[in-house]
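Note that the numbering used here numbers the sequence shown so that position 590 is 590, with each residue one more than the last.
What follows is a single structure, written as structure tokens, with notes after it.
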Amino acid sequence: MSVVSQTLLKYWNKTSFRENQREAIESVLDGNDTLVFMATGGGKSLCYQLPALLLNGITLVVSPLVSLMQDQVNSLSDKGIKAMQISGSIPKSELTRMFDNCRFGNYKLLYLSPEKLSNEEVRRHLAQLPISLIVVDEAHCISQWGHDFRPAFLEIPEIRAYAPQAPLIALTATATPRVKADISEKLRLKNPKLFTSSVFRSNLNIIVWECEDKLYRIVQILKKYRGSAIIYVRNRRACTEFSAALEQLGVTATAYHGGMPENQRIENAALWTDNKKQAIVATSAFGMGIDKPDVQSVIHVHLPDSMESYYQEIGRAGRDGNEAFAVMLYGAADIHRVKAQFLASLPDEAFVKLVYDNLHRYFVIAEGSGAGEIYGLDVDAFADKYQLASIKVFHSLRFLDRMQYIQFDMQTRTEIQAHFKVESREVLRYMSVHHAAAAALEAILRLHPGIFEGSVKLNVAKICRLSKTSEADLIALCTKLSELSIMETLIRSKSCSVRLLRNRDSLHHINAVVKSLRAENEYKTQAIDQVIRFAADKTICKQQALATYFEEPLTENCGKCSVCRGKRVAEKPDVSKEILKALEERSKSSRDLEQELQVESVDLIATVQHLLERELIEIQADNTYRKL
């Protein structure tokens with residue numbers, strides 16, 4: 001057995017690799033720059049985590065997803081692999097301590113946010129590390145033509161100067177040829193080895209339905225297909241409303257969005273992950289780092305923002321290889337609504353400047369000061385004060401965050417900084433006496449072995465989940481230990497916040513930056529247009545349409561999608577005859593027809609569409625069908 005296979009078995013308890021994993025790993029170990037384009041859930045992380053264990057030195061991982069970084073650090077720790085994450089605001093002394101631990105503590109992986117690369121203190125420490133491999137995760141963020149462009153990624157090539165012999169591996173789930181070329185150019189890759197997995201998923205049924213009664217359709221889907229489901233909606237209010245409505249109609253469901261307190265998000269996600277709830281209704285914030293292979297259905301209630309986002313989200317279905325369904329529901333009004341709402345939410349250059357200037361007024365920041373200051377921010381209150389549209393303010397803040405003028409933290413959570421002031425045997429003695437606290441303390445010790453050496457930020461969510469302890473009980477425990485002088489604790493609740501990264505100055509210095517907003521808005525407008533075309537086209541196989549977008553040749557129809565099913569139905573006139581007969585008496589809705597005829601939803605909808613195209617029936621203002 002090769003050392004690569006031995007390592008796979010030892011740390012991941014697996015005996016075989018997925019498509020392109022072994023090849024990508026061997027490419028890295030041979031010292032090649034490597035590009036990996038692998039679908040969501042395809043095992044991208046293994047392509048660099050395994051080589052990290054076999055290379056001498058430290059693997060530097062640059063990732064824009066802070067929550068995912070933490071999940072991966074925790075997962076590696078569970079496997080006995082030493083990994084560290086550095087993100088957010090860290091005091092200089094604490095930063096030095098963390099890098100010293102990384103340098104001398106036999107750590108194998110160091111995760112950094114791209115924004116950290118501009119910090120001179122971070123660069124000074126990086127120059128002293130024995131970097132053996134550089135990893136760029138979510139590499140599409142380096143391209144102006146990819147979704148979620150992050151300018152901070154552009155500084156990554158400068159880091160290669162600290163480790164000129166170290167290969168670089170860049171990974172992302174999806175990318176068009178244009179973005180692929182841009183990634184290679186921007187990262188200055190040297191003759192990179194390319195590994196691309198097909199976007200085609202043979203076990204995935206892509207269904208696009210035009211319908212008005214979406215809730216009814218969702219209930220029908222989930223009652224027929226009882227497996228786990230993710231239901232994507234556009235906003236937080238829809239999360240709450242849809243999950244509540246599903247519960248009332250007999251489908252167990254919960255909600256997930258960034259506006260929830262962290263403990264609630266974690267609790268709701270766990271209910272779904274542990275199969276106590278069939279469906280989780282979520283915004284696009286949900287899914288990163290979620291490892292649940294048995295998701296049977298991914299349903300889009302509203303049109304996604306881009307084809308890339310859509311592909312990543314439906315990629316969370318059927319990772320176990322079993323048959324799965326990706327369902328997109330839209331009505332005629334949705335297309336007009338999404339374009340109007342989407343375009344109305346995009347701030348222009350003048351609006352961003354106005355928001356940036358008003359932020360300093362709001363926080364009463366004097367000219368030439370403010371850098372490093374952190375403020376709590378109620379976005380709605382801020383928007384009301386200056387009579388601005390909240391949604392445009394929100395997108396302006398996100399743009400300023402990407403451009404590194406501010407750090408915009410949108411999530412509500414509890415932070416606990418903790419340091420054991422006693423030796424480990426004293427903590428173990430306390431656990432032996434106070435059994436109710438033992439599980440939480442065991443989780444703390446397992447996740448944070450350095451807690452005896454200095455203050456660490458506890459992974460509250462993971463501790464609560466591992467120990468089956470509520471956040472309130474964990475806070476109470478830490479408070480009690482602090483009172484007993486066993487633990488030094490700092491507990492604080494964080495809501496939406498803004499950290500200013502630059503001193504207040506005149507607006508001229510951001511003029512060059514906001515000019516990129518125009519190109520970004522144009523890209524977003526084109527992206528939503530592509531989604532609309534994908535949804536509305538009833539002639540091309542959906543798997544083929546998806547492959548065509550990513551410029552991948554797919555010559556045969558999938559035979560499973562809504563378009564392919566519709567073509568089969570057209571060749572079998574029985575259902576058509578039944579529908580026409582049913583409509584002779586009076587106009588009926590699709591729900592009426594489905595219940596009366598006992599026809600499969602997919603077949604019924606496909607047949608109705610076929611009859612509409614042949615002008616044998618028409619749809620009326622009340623969404624009923626009439627025979628012509």
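The beta carbon of each residue, even a glycine, is placed where N, CA and C say it ideally should be.
Keep in mind the model is a prediction, meaning the values are calculated, not measured.
- Out of 142, 11, 189, 101, the CA that lies nearest to the CA of residue 31 is found in 189.
- Residue 561 and residue 43 have their alpha carbons spaced roughly 26 Å apart.
- Here residue 448 carries a coil assignment [DSSP, helix/strand/coil].
- Of the candidates 397, 224, 295, 221, 295 places its Cα closest to the Cα of residue 41.
- Among the bridge pairs identified by DSSP, residue 517 is matched with none.
- For residue 56, the CB contacts under 8 Å within the same chain, skipping 5 residues up- and downstream, are 130, 132 in chain order.
- Nearest C-alpha to residue 359 among 499, 404, 567: 499.
- Restricting attention to 267, 348, 127, 28, the CA atom closest to the CA of residue 520 is found in 348.
- For residue 151, the closest of 612, 145, 141 by C-alpha to C-alpha distance is 141.
- Within the same chain, and ignoring the five residues on either side of residue 618 in sequence, the residues whose Cβ sits closer than 8 Å to its Cβ are 612, 625, 626, 628.
- Judged by beta-carbon spacing, residue 111 lies within the 7 Å limit of residue 61, meaning their Cβ atoms are closer than that value.
- Within a 10 Å sphere around the beta-carbon of residue 166 sit 16 or more other beta-carbons, which makes this residue buried.
- Between the stretch 324-332 and the stretch 202-218 there are three or more inter-stretch CB-CB distances shorter than 8 Å, so the stretches are counted as touching.
- Residue 301 carries a coil assignment under DSSP once its states are collapsed to helix, strand and coil.
- In this structure, residue 228 and residue 292 form a Cβ contact; the two beta carbons are roughly 7 Å apart against a cut-off of 8 Å.
- A straight line joining the alpha-carbon of residue 191 with that of residue 76 spans about 30 Å.
- The three-state secondary structure of residue 538, taken from DSSP, is coil.
- With contacts defined by Cβ atoms closer than 7 Å, residue 451 and residue 475 do not form a contacting pair.
- By the Cβ rule, the stretch 338-353 does not count as touching the stretch 308-324, because fewer than three pairs are nearer than 8 Å.
- Closest in C-alpha terms to residue 34, from the list 169, 420, 392, comes 169.
- A Cβ-Cβ distance of about 7 Å is found for the pair residue 439 and residue 468, placing them in contact under the 8 Å criterion.
- Taking a C-beta distance under 7 Å as the contact criterion, residue 51 and residue 25 qualify as a contact pair.
- Note that the C-beta distance between residue 460 and residue 528 is not below 7 Å.
- Every beta strand (DSSP E) of 3 residues or more that sits fully in the stretch 359-414 is shown, in chain order, as 374-376, 406-409.
- With respect to residue 390, residue 383 sits close: the two C-beta atoms are nearer than 7 Å.
- By the criterion of a C-beta distance shorter than 8 Å, residue 479 is surrounded in its chain by 489, 491, once the five residues flanking it on both sides are discounted.
- By the neighbour-count criterion, in which 16 or more other beta carbons inside 10 Å mark a residue as buried, residue 108 falls on the buried side.
- Annotation: the continuous beta strand (DSSP E) that includes residue 34 extends over 34-37.
- By the criterion of a C-beta distance shorter than 6 Å, residue 259 is surrounded in its chain by 236, once the five residues flanking it on both sides are discounted.
- Inclusion of residue 422 and residue 486 in the CB contact set at 7 Å is warranted, their separation being smaller than that value.
- For residue 191, no beta strand (DSSP E) run applies, since DSSP gives it neither H nor E.
- Every unbroken stretch of the beta strand (DSSP E) spanning 3 or more residues and falling wholly within the stretch 114-193 is given here in chain order: 131-137, 168-172.
- Spanning the alpha carbons of residue 518 and residue 339 requires a straight line of approximately 17 Å.
- According to the DSSP assignment, residue 307 belongs to no beta strand (DSSP E) but to the alpha helix (DSSP H) extending over 307-314.
- Following the DSSP letters along the chain, one finds residue 333 inside the alpha helix (DSSP H) bounded by residues 332-345.
- Residues of the same chain with a CB within less than 6 Å of the CB of residue 83, apart from the 5 flanking positions on each side, are 73, 76, 109 in chain order.
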